[in-house]
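Notes to accompany the following structure.
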Ligand SMILES: [Zn+2]
């Protein structure tokens, strides 16, 4: 038998531990014999790993309820209280946090303000929110397995470096390691729309759907892509910048520096800007102070405001049609605070879609408008930690040559 270098032996142990944990999580309550069958590991290896997991309270043993008269088999289950994870969604002016147990049950949520946007302040604020949440949930720091963070921007999910975030004005910010050093637990980072997409995949409408997209509208326009059941990040984590696909090259300048991006027509700030322009030009007699007021005017049938939403709906339909034509998903979930406009934007959007989608593709796609909650984004961020906890390093892109 070939000798494994020390590093590989450690990796193999980690893989075996994950396989056992995954079997118990997915198929538990389950006997050691069935775990052996499912994992292909020896009885001795399973015995060693399960002893370790019982010792650390992550799994527990119980007797099977029914028995054919002989000795009742001992079954293994995940102990939901064996550990906890925190997910955070960092937004422009607040941080939402979610506390989950090992079975992904939502235990507590908490939101606090986020005012100062220096990178040091961000680490400080995230740390404070985690402490407060643990206190509210009556969880000790030692019970915390890891922390996941979702935020707007281009994130390299492998390294945890936030490469670029126009909202916060950060570039190459090593948020993962900075927060990890402070907390002394593993930290995971991903784009916030990706964390929301994972929430849909694990807990929402995306369960069991191999090819689906999550499109968010609101402050910006975002996209999460699931292909073959896996979240797609692209080569450097930049996949999904749907909001910056150009709809009108003659259009207004976007935050990203380009002209006429989808976001410059559909996002809340863009809708507000169009209303302000109409007022300044004397086309509308309504000076609108916030997006809720604009939506209300549109719903009451104000002609200029309706026209603004019609234009946004048409641009969104063009963007969605392009996604359908390129990716042919089974399902598109539209979410985010922008769905507050309801029929005002979605009626004209659905009416315009057939104009842009290639014939033969649209009938296979389900479009679904999803109610959104602040903590849904944070829940997905917590899910990243659980995924890593239960998933074998094989699925974490460890090169096969190292195994
Ligand atoms: Zn742009």
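Numbering (our numbering), first residue to last: 245 to 647.
We treat Cβ as the ideally placed atom computed from N, Cα and C, and that holds for glycine.
Quick caveat: nothing in here was measured; it's all calculated off a predicted structure.
What residue does the beta strand (DSSP E) around residue 337 start on, and which one ends it? On the chain shown, position 93 is the one that residue 337 refers to. Taken as a continuous stretch (DSSP letters only), residue 337 belongs to no beta strand (DSSP E), as it is neither H nor E.
Cβ separation of residue 576 and residue 457, assumed to be a contact under 8 Å, to the nearest whole Å: The residue labelled residue 576 in the question sits at position 332 within the chain shown. The residue labelled residue 457 in the question sits at position 213 within the chain shown. Contact holds; Cβ gap of about 5 Å.
Measure the CB-CB distance between residue 367 and residue 427 and report whether it falls below 7 Å. On the chain shown, residue 367 is found 123 positions in, with the first residue counted as 1. On the chain shown, residue 427 is found 183 positions in, with the first residue counted as 1. No, they are not a contact pair.
Just to confirm, is the Cβ distance from residue 436 to residue 395 under 7 Å? Your numbering for residue 436 matches position 192 in the chain shown. Your numbering for residue 395 matches position 151 in the chain shown. The answer is yes: Cβ separation under 7 Å.
Mapping the DSSP letters down to three states, classify residue 255 as helix, strand or coil. Stepping through the chain shown from its first residue, residue 255 is reached at position 11. Three-state result, residue 255: helix.
Note down, in chain order, each residue of its chain lying with its Cβ closer than 6 Å to the Cβ of residue 439, except the 5 sequence neighbours on either side. Position 195 of the chain shown, counting from 1, holds the residue named residue 439. Excluding positions up to five away in sequence, the list reads 394, 621, 624, 625.
Determine, using beta-carbon pairs with one atom in the stretch 403 to 412 and one in the stretch 374 to 382, whether at least three such pairs fall under 8 Å. Under the 8 Å Cβ criterion, the stretch 403 to 412 does not count as touching the stretch 374 to 382, having fewer than three qualifying pairs.
Reference residue 591, options 555, 608, 353, 605, closest by Cα: Locating residue 591 in the chain shown gives position 347, counting from the first residue. Nearest of 555, 608, 353, 605 to residue 591, Cα basis: 555.
Separation of residue 611 from residue 595, as counted between CA atoms: If you number the chain shown from 1, residue 595 lands on position 351. If you number the chain shown from 1, residue 611 lands on position 367. About 13 Å.
Straight-line CA distance for residue 443 to residue 627? For the purposes of this step, residue 443 is identified with residue 199 of the chain shown, where counting begins at 1. For the purposes of this step, residue 627 is identified with residue 383 of the chain shown, where counting begins at 1. Just so you know, the alpha carbons of residue 443 and residue 627 end up roughly 7 Å apart.
Could you compute how far the alpha carbon of residue 289 sits from the alpha carbon of residue 299? For this step, residue 289 is matched to residue 45 along the chain shown. For this step, residue 299 is matched to residue 55 along the chain shown. Residue 289 and residue 299: Cα-Cα distance of roughly 16 Å.
I'd like to know whether the C-beta atoms of residue 582 and residue 461 end up nearer to each other than 7 Å. Your numbering for residue 582 matches position 338 in the chain shown. Your numbering for residue 461 matches position 217 in the chain shown. Contact check for residue 582 against residue 461 passes: the beta carbons are separated by less than 7 Å.
Tell me whether residue 421 sits in a helix, a strand or coil according to DSSP, three-state version. Reading the chain shown from its first residue, position 177 is the one you call residue 421. Three-state result, residue 421: helix.
Cutting at 6 Å between CB atoms, please list the residues of its own chain near residue 246, excluding the five before and the five after it. Residue 246 sits at position 2 when you count from the first residue of the chain shown. Below a pLDDT of 50, predicted positions are generally treated as unreliable, and residue 246, at 47, falls in that range; the measurement from the model is reported next regardless. The answer is none, since no qualifying residue turns up.
Delimiting residues of the alpha helix (DSSP H) encompassing residue 363: Working through the chain shown from its first residue, we reach residue 363 at position 119. From DSSP, the alpha helix (DSSP H) with residue 363 extends over 363 to 380.
Let me confirm a value: residue 572 is counted as buried when at least 16 other C-beta atoms fall within 10 Å, else exposed. Which label applies? To locate residue 572, count along the chain shown from 1; it is residue 328. The residue is exposed, with fewer than 16 neighbouring Cβ atoms inside 10 Å.
Top-ranked residue by Cα proximity to residue 346, from 601, 412, 304, 291: Position 102 of the chain shown holds residue 346. Of the listed residues, the one whose Cα sits closest to residue 346 is 304.
Here's the rule: buried if 16 or more other CB atoms are within 10 angstroms of the residue's CB, otherwise exposed. What is residue 276? In the chain shown, the residue the question calls residue 276 occupies position 32. By the 10 Å Cβ count, residue 276 comes out buried.
Using a strict less-than 7 Å threshold between each residue's beta carbon and the heavy atoms of ligand 1, what residues do you get? 487, 488, 498, 499, 500, 502, 505, 507, 508
Out of 322, 296, 254, 255, which one is the CA nearest neighbour of residue 267? Translated into the one-based positions of the chain shown, residue 267 becomes position 23. Of the candidates 322, 296, 254, 255, the one whose C-alpha sits nearest the C-alpha of residue 267 is 322.
DSSP three-state call for residue 426: helix, strand or coil? Looking up residue 426 in the chain shown gives position 182. Residue 426: helix per DSSP, three-state reduction.
Quick check on the DSSP output: the beta strand (DSSP E) that includes residue 357 runs from which residue to which? To locate residue 357, count along the chain shown from 1; it is residue 113. Residues 350 to 357.
Range covered by the beta strand (DSSP E) that runs through residue 468: As a position in the chain shown, residue 468 is number 224, starting the count at 1. Its beta strand (DSSP E) spans residues 465 to 471.
Would you call the stretch 551 to 565 in contact with the stretch 500 to 517, where contact means no fewer than 3 C-beta pairs closer than 8 Å? Result yes; three or more Cβ-Cβ pairs closer than 8 Å.
Please name the residue or residues paired with residue 304 in a DSSP beta bridge. Numbered from its first residue, the chain shown carries residue 304 at position 60. Partner(s): 321.
Determine the extent of the alpha helix (DSSP H) in which residue 523 is found, giving its start and end residues. Numbered from 1 along the chain shown, position 279 holds the residue referred to as residue 523. It spans 512 to 524 - the alpha helix (DSSP H) in which residue 523 sits, taken as one unbroken run.
For residue 266, which of helix, strand or coil comes out of DSSP? For the purposes of this step, residue 266 is taken as residue 22 along the chain shown, with counting starting at 1. DSSP places residue 266 in helix when its eight states are reduced to three.
Who are the Cβ neighbours of residue 350 in its own chain at under 7 Å, not counting the five residues just before and after it? Residue numbering aside, residue 350 sits at position 106 when the chain shown is read from its first letter. Non-local beta-carbon contacts of residue 350 in its own chain, meaning distances under 7 Å to residues more than five positions away in sequence, involve 342, 344, 623 in chain order.
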